[in-house]
Each structure stands twice: as structure tokens, then as C-alpha cells.
Amino acid sequence: MRLFILLAFVGFSFAQHNPHMKNGRTAIVHLFEWRWADIAAECERFLGPKGFGGVQISPPNDHIIVNNPWRPWWQRYQPISYKLCSRSGSEAELRDMITRCNNVGVNIYVDAVINHMCGSGGGEGTHSSCGSWFSAGRKDFPSVPYSSLDFNDNKCKTGSGEIENYGDKYQVRDCRLVGLLDLALEKDYVRGKVVDYMNKLIDMGVAGFRVDASKHMWPGDVSVVYGRLHNLNTKWFAGDSKPFIYQEVIDLGGEAISYKEYVHLGRVTEFKYGAKLGNVFRRWNNEKLCYTTNWGEGWGFMADGNALVFVDNHDNQRGHGAGGSSILTFWDPRLYKMAVGYMLAHPYGVARVMSSFRWDRGSSTGTDQGPPSNSDGSTKPVPINSDQTCGDGWVCEHRWRQITNMVGFRNVVNGQPHSNWWDNQSNQVAFGRGNRGFIVFNNDDWNLDVTLNTGMPSGTYCDIISGQKEGSRCTGKQITVGGDGRAHFSISNSEEDPFVAIHADSKL
Ligand code: QV4
Ligand code: CA
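Right, here's the structure in full:
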């Protein structure tokens, strides 16, 4: 126990666990595959005003172009160099976006692909987003430059050169992940190139990184890389602020590599969170919402201060990576809104909201399908409809009223304890966050009709799920909290959204 506390303390002293969100903001949105120009506009017109704390952007560096003009989304996980021209836009557009988002209080977190370059079958030529020449066969990437000396093939011991067994940690770190040319991060030269890339972005004003495929890199190697990163740009961040690091390690248990090897270096993606929450809201495996009274560490998740949590991500929403069939996505909107609402109401972890594009579920290649595109393969802009939803195949879950308003809820209750739990021993539960917010769910097949202690000051509050506060009235349900903190809730199981949430700022 004492060792644990010591480790936790050392972890925080690195400060790479802190997302450095501005003005008490608390949630990140992944604007998957959005163009920089659209993200800049979204920061100014929506994310800033609605209190989002940051955006995870798709990899901004030079990447392979696969099967032009069809172009799967995953081409961006195959780097060709660290030049900053990508499917999302140019370096100038990237810089403009970072500046404009920071100026309205929204951080940018970069998806950093540093474990590998493109697939071994990537061919030879200038088919990259920056038009850089490369040869996958000869492992020659002159725009970095990397040569065959900078890859791990001599270290990998499998016959195929691929990761064949996730039970062998040497294979997982030293061999190729789905054919991707594996960088020798033990080399000071390779580390230097990666550090230069990340530092350039830090100097431009980004607040941190999602580190892709972290499981596939030795903790000792990435530790050296993180240690050489600059502090954040003092134009927007306090002096001595270290970049926020959250590492993609899929650990559902049962593999050779544990998330525990990475938590001292930064936060880690808690993949159990969405898998379990999906089971709970789907009521699979005999799970019930009432069992979530000790949600978080009580469910065997990593320590609160180490976790980055999400209901779905860009992989598991389409069956890539791990996670499984329980994962909830925008395709199941009713349960999805409740699950995201639950995550945002609950204090555990740094929360990330997914913002997706639709794909063709009827086709076998649908899960590979890239973002909404023009006939030349370029990504379409995100048009905003008059009702504030998005058009052209962009789903924009973050603009769904229930989700947007719960991001606001999380900010309002920030720092308040989980409190006033109630359940019906089935799938109706309620909990508060100190005296700042209260939420009630009905995921049973019958009505909820109950008077609960909310812990909130007396008054009339607008439910932020069925509507919200506009001026001096509620556009949806109204909840009256009495002088004793108690309020009556009634939620029919047939409602479009069978949950209710109120907070200090939704009071009339
Ligand atoms: C194919 C064959 C291989 C063969 C290879 C030869 O399948 O067996 O060796 O050709 O060249 C794409 C294709 C894949 C192809 C590969 C190389 O889907 O079929 O291999 O390219 O050409 C994304 C996608 C992958 C995609 C990859 C690169 O999900 O499908 O592969 O990008 O474009 C594990 C990891 C975890 C990882 C997860 C998906 O532990 O780290 O798998 N998650 C992250 C990202 C994810 C990304 C990568 C890692 C790789 O979140 O989006 O993979 O950067 O769980
Ligand atoms: Ca590796």
C-alpha cells in the first residue's frame, strides 16, 4: 500500500497526468478525421461556448495514401514522415487551428503515431499526404530520414516478423503490428526524431498527446522520449506545465502486457470502462445498473488519477482493436446517450467523448471506410444544419443536446464527491455530486416514480436531458427541490431519453 501511494505520488510529480484544461473545463472530444479548418471553427462557435476542455485530433503528420481515391480512415496510422501535412490540412491550417482553439480555452491533444511507419506492403513512390517519396520495401523514408537501420526487424524473433502471440511481450514490442514497420525506439537517433516532432507541436501550442500503440513500445523507451519533451507554450499555459500524456494500452486482462507498466509515465486508456458500461446498459451478463454503486476502482479499473475513460473509441466503435460487441455507439442512440451521460456525471477518470462519421454497415469494407469525402478523396467539410446538427455523414455526437449538456454538468460538479446514491436493486439508479448536481436513470422496463434526497439547495431546476434552461424558463422537464433537499422524479420507461439531470447552473 505504501509503495502504491509512493508510486502514485511520483506519477503525479511527473505531472504528465494533468490535462491542463482551462477555466475548470473537464472533457475532451475526439473529432475523428475532422479537417483543421472545421475544428478551428468548431472551437469558436461551439466547443468554447459549451465548455469543452479539449479536442483529440487525428494524426497531423505525413501519412500514406491507400487505394486513392477510396482512402480508408486508417491510412493515417501509417506515417511516412513528421511533416505536418495530412488529410486534415496543411501545417499553416494546423497552426491556425491550435491558436484559435487555445484562444477560446479549448486544448488540442495530438494522436501521436510513433511506434511504426507504414505497412511493409506500402510500396514505393510519392503516395503520401505530403507527396514525400518513400520505399516501404527498402524501409527508406528520406523525409525523416529513417533508413533500414532504424527498424526493429533484427530484434523480432518471429518467423513472419509479425506479432504472432500477444502472450509474449518481446513480440508485442519488437515485432510488426499488422505489418507496420516497427521503429527501433531504443536508438537515440530514432528517439530524437520523435522528440523533435512532438516538441514542434508543443511549441505550436498543443497541450498533450494520445500515444498510439503504447503497448507496442518499451516503457523505458517512451519514458526517455517523454522526458525530453518541452514544457507547454506559456502563451496559453502556466510555466512548468508538462504535456498531458495518455497512452493507448488495451488491457482487458489476460495478456502479457499490463497497463501497470505505463501508469507512472502518464494516463492510460481504460478499455474495461466502455466494455463494462456497455454490458451494464445493455443488461448483458446479468449486469444491472444498481451494481455500479462502486463504479470505478471498485470494478477493478486502474486508479482514478491514471485513467482516461470513454464509452467507445474510433477502433472499437467499428470492431477494430479490442472491446467487443458490448461497446455502445451512436448506432444505439438511446442507450448510448445514457452511457455517455453516466460517464460524464461520474467523477472517475478524465473523460473523452467520441464524435464520429457514419459508415456503410451493409458493406464488408464499411468499417474501413474513410470520412465523408469528395470524389478526389479529399475530406468533406462539416456542414452545420439550422438545428445545430451536422450534415454530410458527420454524426457529431458531441452536439447532441443530451451529451453537450452533460459536458456542462461535468464542469459544474467538478471536484464534488459522488454522493446521495439511490437504487431500486435493479436498473434505476440516482447519484449526486455534492450539492452541485444530481442525475437519475431509468433503464428498467417499468416506470420510475420516486422522491429522492438530491443534496441540492431548494429551488426549481431545469432537466438538461429533456431540454435545458433558456432565460427564465425550462424547455424540458422541471424539477422542484424542497427545503429538505428532496425532489420527486418520474421517468417513464418509454421516454426517448429515460434519464434526468439537474445542476447548480440549471436552476431557474
Ligand atoms: C495487412 C494484414 C497483415 C499484414 C500486412 C502486410 O492484415 O496481416 O501483415 O497487411 O502489410 C491496416 C489494415 C491491415 C494491414 C495494415 C498494414 O487494416 O489489414 O495489414 O494496415 O498495411 C489502424 C487500424 C488497422 C490498420 C492500421 C494501419 O485499426 O486496421 O491496419 O491502422 O493503417 C491492437 C493494438 C492497438 C491498436 C489496435 C487496432 O494493441 O494499439 O490493435 N490500436 C491503434 C489505433 C488503431 C491503429 C493502430 C494502433 C496502428 O487506435 O487505429 O490501427 O497505428 O489492439
Ligand atoms: Ca514496437
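Residue numbers (mature numbering (1 follows the signal peptide of the UniProt record, and there is no 0)): -15 to -1, 1 to 493.
The C-beta atom is built at its ideal place from N, Cα and C for all residues, glycine as well.
Excluding five sequence positions before and after Gly470, the CB atoms of its chain that fall closer than 7 angstroms to its own CB belong to Asn438, Thr439, Gly440 and Met441, given in chain order. When only Cα atoms are considered, Asn291 and Glu282 end up about 11 angstroms apart. Per DSSP, the beta-bridge partners of Trp379 are Phe342. The beta strand (DSSP E) runs lying completely inside the segment 285 to 314 and spanning 3 residues or more are 292 to 294, given in chain order. The alpha helix (DSSP H) runs of length 4 or more contained entirely in the segment 205 to 262 do not exist; there are none. With a 10 Å radius around the Cβ and a threshold of 16 neighbouring Cβ atoms, Lys220 comes out exposed. Non-local beta-carbon contacts of Lys7 in its own chain, meaning distances under 6 angstroms to residues more than five positions away in sequence, involve Gly90 in chain order. DSSP, reduced to helix, strand and coil, places Pro357 outside both helices and strands of the structure shown, so it counts as coil. In the three-state reduction of the DSSP assignment, Asp23 falls in the helix class.
DSSP, reduced to helix, strand and coil, places Ile99 outside both helices and strands of the structure shown, so it counts as coil.
In the DSSP assignment, Pro54 forms no beta bridge with any residue. Not one heavy atom of ligand 2 falls within 7 angstroms of the beta-carbon of Asn139. The continuous beta strand (DSSP E) containing Asp434 extends over residues Leu433 to Asn438.
Note that the C-beta distance between Val294 and Glu233 is not below 8 angstroms. Sixteen is the threshold: when 16 or more other Cβ atoms of the shown chains lie within 10 Å of the Cβ of Asp47, as they do, the residue is buried. Leu162 has its Cβ nearer than 7 angstroms to a heavy atom of ligand 1. Leu165 has its CB nearer than 7 angstroms to a heavy atom of ligand 1. Arg195 and Ser443 have their alpha carbons spaced roughly 42 angstroms apart. Taking the C-beta atoms as reference points, Gln1 is found nearer than 8 angstroms to Pro228. Taking 7 angstroms as the cut-off, one finds no heavy atom of ligand 2 near enough to the beta carbon of Arg176. Per DSSP, the continuous alpha helix (DSSP H) segment holding Gln156 begins and ends at Lys154 to Asp159.
In the DSSP assignment, the residues bridged to Lys492 are Tyr446.
Under the rule that a run must span 3 or more residues, the beta strand (DSSP E) segments found entirely inside the segment 70 to 119 read 92 to 97 and 101 to 104. No Cβ-Cβ contact shorter than 8 angstroms links Leu313 with Phe394. The residues Leu274, Cys275, Thr277, Thr278, Trp406, Trp407, Asp408, Val425 and Phe426, in chain order, have a CB closer than 8 angstroms to that of Val414 in the same chain once the five nearest residues on each side in sequence are set aside. According to DSSP, residue pairing for Glu455 in a beta bridge involves Arg458. For Ile464, the enclosing beta strand (DSSP E) has its first and last residue at Gln463 to Val466. Contact check for Asn298 and Met323: beta-carbon distance about 18 angstroms, past the 8 angstroms limit, so the pair fails to qualify.
Going by DSSP, Val397 is part of the alpha helix (DSSP H) stretching over Arg386 to Val397. With a cutoff of 7 angstroms, Gln302 does not count as near ligand 1, since its C-beta is closer than that to no heavy atom of the ligand.
Under the DSSP assignment, Leu320 falls in the alpha helix (DSSP H) whose first and last residues are Pro318 to Ala330. When secondary structure is reduced to three states using DSSP, Arg30 falls in the helix class. Shortest gap from the CB of His383 to any heavy atom of ligand 2: 7 angstroms or more.
Gly36 counts as buried, since at least 16 other C-beta atoms from the protein chains shown sit within 10 angstroms of its C-beta. Annotation: Arg80 to Ser105 spans about 31 angstroms, alpha carbon to alpha carbon.
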